[in-house]
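Here is the structure we will look at, set down as structure tokens.
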Amino acid sequence: MENVLKLSNENHICSSKLTYKNITEVNNNFSLHVNFDGNEKFVLNKKKLRLSPHTLLAINAGTLYSDIIDSDSPVQILSISFGKGFIDDFKTSFLKNASSFPDNYGNHLPSQNSTFNETIFPLLGDLKYNIEHLKVLISSNCKDELLLNEFLFHILLNYYTLYQKDILFVEERLKDLQFVTRKEIYRRLSLAKEYLYSNIDQKINIYDLSKHSCMSATHLIRSFRQAYHTTPHQFLISIRLEQAKFLLKNTSYPINKIVNTIGLDSPSTFIKLFKIRYKITPLKYRTSHNELIKVLILVFLEYFNS
1 MENVLKLSNE
11 NHICSSKLTY
21 KNITEVNNNF
31 SLHVNFDGNE
41 KFVLNKKKLR
51 LSPHTLLAIN
61 AGTLYSDIID
71 SDSPVQILSI
81 SFGKGFIDDF
91 KTSFLKNASS
101 FPDNYGNHLP
111 SQNSTFNETI
121 FPLLGDLKYN
131 IEHLKVLISS
141 NCKDELLLNE
151 FLFHILLNYY
161 TLYQKDILFV
171 EERLKDLQFV
181 TRKEIYRRLS
191 LAKEYLYSNI
201 DQKINIYDLS
211 KHSCMSATHL
221 IRSFRQAYHT
231 TPHQFLISIR
241 LEQAKFLLKN
251 TSYPINKIVN
261 TIGLDSPSTF
271 IKLFKIRYKI
281 TPLKYRTSHN
291 ELIKVLILVF
301 LEYFNS
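For the sequence shown, this note's numbering assigns the number 1 to the initial residue and increments by one for each residue that follows.
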């Protein structure tokens, strides 16, 4: 099932629930692709990526890419293609108002013709809020272009802010290096992060990771720790546990299946790591979430029937 909305300013929004998809094409406009559940695979200029639930991928205009879904159950996705005029207007207004942004954003803002690092980001904060609300509007068959374009503007702003903060975060920690060196290290660390996101269910060793990011193992570990104040292994554990939280809340998967899905060795390891991170066991977390949902439903029903 696909719901495609084409706005008069050439912005396109596509909300889908699919078990199969396999397309290869050149991306006409800058686009954002969001996964809400299941797995979606992308190939960008021979670079293989995988979107897991609540992650986002940006693809630049002119990029040759493949988008692949092959699943037993429907995978819910959302893609937004921004018209060139909309992007140009956004960048112009963004640059004109650069002085209103904190942290010296004006020195890091994109030029009119720049492209962006095509990598994976988690769906969090205001970006998650606006994208989920846009999905609701599309599912309700909203035709109000003014409202839809306002959401698209905020989503674009949220994405650029996230992207620039990520760059600034790394550059601040690598400030002793030359600008060109910082930029290249950021690109290679992004390759390492996207490899971790794309292979969350696999056994990952430092040599495969360093090969993918075009850095030696020791240089990768040192640079990753310097830039993000964590190691690649600790970063991987974090995104695995976040994925586990999603599965505990949104599926009835038994613990063994969750453990296999996130690539950990055993249920005991998973339970230990989860409790250390969140101060609660996975079972109690799932139970407390389900109880909260029941309470919210009861409150809603009482309000509706009053």
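Note that the Cβ used here is the ideal one computed from N, Cα and C, for glycine as well. Quick caveat: nothing in here was measured; it's all calculated off a predicted structure.
Legend entry - Euclidean distance between Cα positions of serine 31 and alanine 217: If you take the alpha carbons of serine 31 and alanine 217, they lie about 33 Å apart.
Inset, instruction - Enumerate, from N- to C-terminal direction, the unbroken beta strand (DSSP E) stretches of 3 or more residues contained entirely within the segment 58-85. - result: Runs of the beta strand (DSSP E) lying entirely within the segment 58-85, each at least 3 residues long, are 64-81 in chain order.
Inset, instruction - Could you spell out the range, first to last residue, of the alpha helix (DSSP H) harbouring glutamate 242? - result: 232-250 is the span of the alpha helix (DSSP H), which, as asked, contains glutamate 242.
Legend entry - Meets three-Cβ-pair contact criterion under 8 Å: the segment 133-148 and the segment 64-74: Contact fails: fewer than three Cβ-Cβ distances are below 8 Å.
Legend entry - Bounding residues of the alpha helix (DSSP H) (the contiguous stretch that carries histidine 154): Per DSSP, histidine 154 is one residue of the alpha helix (DSSP H) stretching across 145-173.
Inset, instruction - Report all residues from its chain with a CB closer than 8 Å to the CB of lysine 84; omit the five preceding and five following residues, and keep chain order. - result: Excluding sequence neighbours, lysine 84 sits near Glu10, Asn29 and Ala61.
Inset, instruction - State buried or exposed for histidine 33, treating a residue as buried only when at least 16 other CB atoms are found within 10 Å of its CB. - result: Histidine 33 should be labelled buried.
Inset, instruction - Run the CB neighbour count on asparagine 141, radius 10 Å, all protein chains shown included, and call it buried at 16 or more, exposed below. - result: With fewer than 16 other Cβ atoms inside 10 Å of its own Cβ, asparagine 141 counts as exposed.
Inset, instruction - Taking isoleucine 314 as part of the beta strand (DSSP E), name the residues at either end of that continuous run. - result: Any answer about residue 314 is impossible in this case: the structure gives the chain only from 1 up to 306.
Legend entry - Supposed close pair asparagine 35, isoleucine 77 - CB separation, criterion 8 Å: Isoleucine 77 and asparagine 35 do touch by the CB rule: their CB atoms are close to 6 Å apart, below 8 Å.
Inset, instruction - Step through the CB atoms of chain B and report whether any lies within less than 9 Å of the CB of threonine 287. - result: You won't find chain B in this structure, because it holds only one protein chain.
Inset, instruction - Report yes if the CB atom of arginine 277 is closer than 9 Å to the CB atom of isoleucine 262, and no otherwise. - result: The Cβ atoms of arginine 277 and isoleucine 262 do not sit closer than 9 Å to each other.
Legend entry - Within 9 Å, strictly: CB atoms of glutamate 118 and leucine 44: The answer is yes: Cβ separation under 9 Å.
Legend entry - Straight-line Cα distance separating alanine 192 from lysine 41: C-alpha separation (whole angstroms): 17 Å.
Legend entry - Candidates Ser266, Leu5, Asn250 and Arg188: closest to arginine 222 by CA position: Distance from the Cα of arginine 222 is smallest, within the candidate group Ser266, Leu5, Asn250 and Arg188, for Arg188.
Legend entry - Pick from Ser252, Ser15, Ser8 and Ile258 that is closest to histidine 133, judged by C-alpha positions: When each option's Cα is compared against that of histidine 133, the closest is Ser15.
Inset, instruction - Rounded to whole angstroms, what's the CA-CA distance from lysine 17 to valine 75? Just pull it up for me. - result: CA-CA distance, lysine 17 to valine 75, rounds to 5 Å.
Legend entry - leucine 236, buried or exposed, once every other Cβ within 10 Å from all chains shown has been counted against 16: In summary, leucine 236 is buried, with 16 or more beta-carbon neighbours lying within 10 Å of its beta-carbon over all protein chains present.
Legend entry - Beta-carbon separation (whole angstroms), leucine 57 vs valine 26, contact threshold 8 Å: Distance from leucine 57 to valine 26 at the Cβ level is roughly 16 Å; contact not present, criterion being Cβ atoms closer than 8 Å.
Inset, instruction - In angstroms with no decimal places, state the Cα-to-Cα distance between isoleucine 206 and valine 4. - result: Near 41 Å, if we compare the C-alpha coordinates of valine 4 and isoleucine 206.
Inset, instruction - From the DSSP output, read off the bridge partner residues of valine 180. - result: The partner list for valine 180 (beta bridge, DSSP) is empty, contrary to what the question assumes.
Inset, instruction - Determine the burial state of phenylalanine 121: buried for a count of at least 16 other Cβ atoms within 10 Å of its Cβ, exposed for fewer. - result: By the neighbour-count rule (16 or more Cβ atoms within 10 Å), phenylalanine 121 is buried.
Legend entry - Straight-line Cα distance separating histidine 229 from leucine 220: About 13 Å.
Legend entry - Inter-residue CB distance, leucine 162 and leucine 137 (contact presumed, cutoff 8 Å): The Cβ separation is near 21 Å, so there is no contact.
Inset, instruction - Look at phenylalanine 116 and asparagine 130 and say whether their C-beta atoms are less than 9 Å apart. - result: No.
Inset, instruction - Pull up the distance between the alpha-carbon of serine 210 and that of aspartate 176, whole angstroms please. - result: Computed Cα separation, rounded: 23 Å.
Legend entry - Straight-line Cα distance separating lysine 48 from arginine 39: Reading off the sequence shown, one finds asparagine at residue 39, where the question assumed arginine. Computed Cα separation, rounded: 13 Å.
Legend entry - Where leucine 123 sits in the DSSP three-state scheme: In the three-state DSSP reduction, leucine 123 falls in the coil class, being neither helix nor strand.
Legend entry - Outcome for glutamine 178 when other beta-carbon atoms lying within 10 angstroms are tallied against a minimum of 16: So glutamine 178 ends up on the exposed side.
Inset, instruction - Express the C-alpha separation of serine 93 and leucine 264 in angstroms, rounding to a whole number. - result: A straight-line Cα-Cα distance of about 46 Å links leucine 264 and serine 93.
Legend entry - Inter-residue Cα distance where the pair is aspartate 88 and phenylalanine 82: One C-alpha to the other measures close to 10 Å.
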